Amino acid sequence: MLNACIVGFGAIGPTHAQAVAAAEHGQIYAICDCNKERADKGAEQYNCRALYDFDEVLTEDTIQVVHICTPHYLHVDMACRALSAGKHVVLEKPAALNQADLNRLMEAEKTANGTLCINLQNRFNNCIQTLLNTIKTDDSLGALVGVTGTQFWQRDEHYYGKSPWHGRWDTEGGSLLCNQALHLIDLMHVFAGKANAVRTSFSNKALEGVIETEDTSDSLLFFENGVRGVFFGSNAYTTSNSVTLELNFENVQFRYADRTLYKISSNAPAEIICTDQHPVDGKLVWGSGHRLLIDDFYRYLSGKGGSYISLESALPSAKTLLAMYESGKNGGKLVHI
Ligand SMILES: NC(=O)c1ccc[n+]([C@@H]2O[C@H](COP(=O)([O-])OP(=O)(O)OC[C@H]3O[C@@H](n4cnc5c(N)ncnc54)[C@H](O)[C@@H]3O)[C@@H](O)[C@H]2O)c1
0 MLNACIVGFG
10 AIGPTHAQAV
20 AAAEHGQIYA
30 ICDCNKERAD
40 KGAEQYNCRA
50 LYDFDEVLTE
60 DTIQVVHICT
70 PHYLHVDMAC
80 RALSAGKHVV
90 LEKPAALNQA
100 DLNRLMEAEK
110 TANGTLCINL
120 QNRFNNCIQT
130 LLNTIKTDDS
140 LGALVGVTGT
150 QFWQRDEHYY
160 GKSPWHGRWD
170 TEGGSLLCNQ
180 ALHLIDLMHV
190 FAGKANAVRT
200 SFSNKALEGV
210 IETEDTSDSL
220 LFFENGVRGV
230 FFGSNAYTTS
240 NSVTLELNFE
250 NVQFRYADRT
260 LYKISSNAPA
270 EIICTDQHPV
280 DGKLVWGSGH
290 RLLIDDFYRY
300 LSGKGGSYIS
310 LESALPSAKT
320 LLAMYESGKN
330 GGKLVHI
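Everything in the sequence shown is counted per numbering that gives the first Met the number 0, starting at 0 for the first residue and increasing by one.
Encoded structure:
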């Protein structure tokens with residue numbers, strides 16, 4: 000059994016803890032949070048150690064896997080330090096907030112003994128896995144020509160009031176794009192490959208004076224293989240709805256919406272292919288992938304099969320994200336990636 004420490008026990012940390020506790024090859028050894036009350040609460044729940052300082056995580060030899068569930072601005076520093084201390088790392092998204100940090104993370108990963116897994120759990124949703132298999136095996140679809148992603152969520156004053164690192168450029172690095180929508184932007188890349196240019200606009204429509212960052216954004220993405228992508232999202236809606244991802248192939252369209260996968264062919268009613276599993280931990284919009292991703296990673300680390308989302312595999316969407324911000328901050332200019 001691999002011993003895990005969850006670092007950051009706020010909104011998402013508990014979901015990681017539940018997933019590790021359920022994993023065949025993992026167990027919770029410690030919960031670390033600089034907020035003592037949170038660390039103590041988690042430690043009591045899992046009958047494990049409470050740590051209050053990340054340095055203790057690094058020097059504790061019993062800890063083999065470190066889950067980084069802290070604010071964005073801490074991600075790269077913590078991941079690099081954990082890797083150089085010989086730990087395996089599960090890093091919450093976004094991997095990095097700027098190119099220099101992304102380079103630093105790539106360098107740390109290259110020289111590390113441990114393995115770095117990026118937490119993009121929506122790739123494990125049943126509909127996404129089914130669609131990937133369908134594309135691999137069905138040669139009647141024709142080439143992929145276009146992909147759209149739309150997301151309408153709700154993030155209000157109350158959300159930002161509870162957690163002051165959100166909504167600030169220096170600590171969150173953005174809001175809608177790098178936090179809520181990154182999973183969807185990543186899924187667009189899972190199907191369309193690498194983007195080589197992007198044009199993005201963003202604005203703060205509903206929370207002026209509350210946050211510095213964007214709550215609404217639209218983007219045009221140019222993928223290397225000629226596929227065209229359109230993204231639109233907003234956190235200014237009343238409700239957090241499930242996202243929509245559409246893939247247009249030459250001969251057929253797939254639509255992932257309402258956590259259901261539809262196949263839409265001309266002259267035929269939309270056909271339901273499958274639905275996602277119901278989430279067992281956390282919020283509905285986070286999906287059910289945490290358990291699957293973490294179980295798979297621990298199986299991989301234990302030499303029992305499994306797999307993980309490497310930094311290399313997360314790089315296309317990570318790079319596009321940085322380009323989206325560069326474009327948005329420069330009036331929507333075309334940014335090459
Ligand atoms: N994958 C998903 O679906 C998903 C969902 C929600 C959040 N997230 C990601 O998880 C991360 C955390 O987000 P959150 O919403 O849980 O934030 P949060 O503010 O609710 O929790 C962060 C926790 O980290 C702790 N912390 C801060 N600095 C620390 C330090 N130096 N050492 C130890 N603990 C420290 C805070 O006290 C807090 O408890 C972010 O990267 C976010 O994007 C991912």
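Glycine residues also receive a C-beta, built at the ideal position from the N, C-alpha and C atoms. Everything numeric in this text was worked out from a predicted model, so none of it was measured.
Inter-residue Cα distance where the pair is residue i and residue j
i, j, result
"residue 177", "residue 315", "14 Å"
"residue 322", "residue 98", "10 Å"
"residue 350", "residue 153", "Residue 350 is absent from the model: the chain starts at 0 and stops at 336."
"residue 197", "residue 336", "8 Å"
"residue 199", "residue 285", "25 Å"
"residue 140", "residue 247", "9 Å"
"residue 23", "residue 92", "24 Å"
"residue 221", "residue 134", "21 Å"
"residue 269", "residue 79", "47 Å"
"residue 187", "residue 148", "7 Å"
"residue 252", "residue 179", "25 Å"
"residue 300", "residue 46", "24 Å"
"residue 33", "residue 86", "20 Å"
"residue 212", "residue 96", "13 Å"
"residue 103", "residue 324", "19 Å"
"residue 306", "residue 114", "11 Å"
"residue 279", "residue 111", "33 Å"
"residue 219", "residue 36", "44 Å"
"residue 223", "residue 2", "41 Å"
"residue 303", "residue 9", "31 Å"
"residue 174", "residue 194", "21 Å"
"residue 18", "residue 293", "6 Å"
"residue 274", "residue 287", "12 Å"
"residue 163", "residue 249", "46 Å"
Three-state class that DSSP yields for residue i in the structure shown
i, result
"residue 236", "coil"
"residue 231", "strand"
"residue 40", "helix"
"residue 83", "helix"
"residue 64", "strand"
"residue 100", "helix"
"residue 217", "strand"
"residue 193", "coil"
"residue 276", "coil"
"residue 262", "strand"
"residue 8", "coil"
"residue 254", "strand"
"residue 114", "coil"
"residue 286", "coil"
"residue 154", "coil"
"residue 33", "coil"
"residue 243", "strand"
"residue 78", "helix"
"residue 167", "coil"
"residue 2", "strand"
"residue 160", "helix"
"residue 49", "strand"
"residue 143", "strand"
"residue 149", "strand"
Contact belief for residue i with residue j at Cβ below 8 Å, rounded distance in angstroms
i, j, result
"residue 65", "residue 4", "5 Å"
"residue 289", "residue 120", "5 Å"
"residue 217", "residue 205", "At roughly 16 Å, the Cβ-Cβ gap does not stay under 8 Å, so residue 217 and residue 205 are not in contact."
"residue 71", "residue 166", "Going by Cβ atoms, the distance from residue 71 to residue 166 rounds to 11 Å, so no, they are not a contact pair."
"residue 151", "residue 236", "4 Å"
"residue 183", "residue 244", "7 Å"
"residue 82", "residue 107", "5 Å"
"residue 201", "residue 146", "The pair is not a contact, with the Cβ atoms about 20 Å apart (cut-off 8 Å)."
"residue 258", "residue 233", "Not really, about 20 Å apart at Cβ, beyond 8 Å."
"residue 48", "residue 308", "Incorrect: roughly 28 Å between the Cβ atoms, too far for contact."
Local Cβ density within 10 Å of residue i, reported as buried at 16 or more and exposed below that
i, result
"residue 88", "buried"
"residue 225", "exposed"
"residue 311", "exposed"
"residue 74", "buried"
"residue 266", "exposed"
"residue 283", "exposed"
"residue 109", "exposed"
"residue 169", "exposed"
"residue 349", "Examination of residue 349 is not possible in this model, given that the chain is present from 0 through 336 alone."
"residue 203", "buried"
"residue 137", "exposed"
"residue 77", "buried"
"residue 352", "It is not possible to answer for residue 352, since the shown part of the chain is limited to 0 through 336."
"residue 131", "exposed"
"residue 333", "exposed"
"residue 271", "exposed"
"residue 142", "exposed"
"residue 264", "exposed"
"residue 157", "exposed"
Examine the Cβ distances between the region 52-59 and the region 27-38 and report whether three or more of them are shorter than 8 Å.
Taking 8 Å as the limit for Cβ pairs, the verdict is that the region 27-38 does touch the region 52-59.
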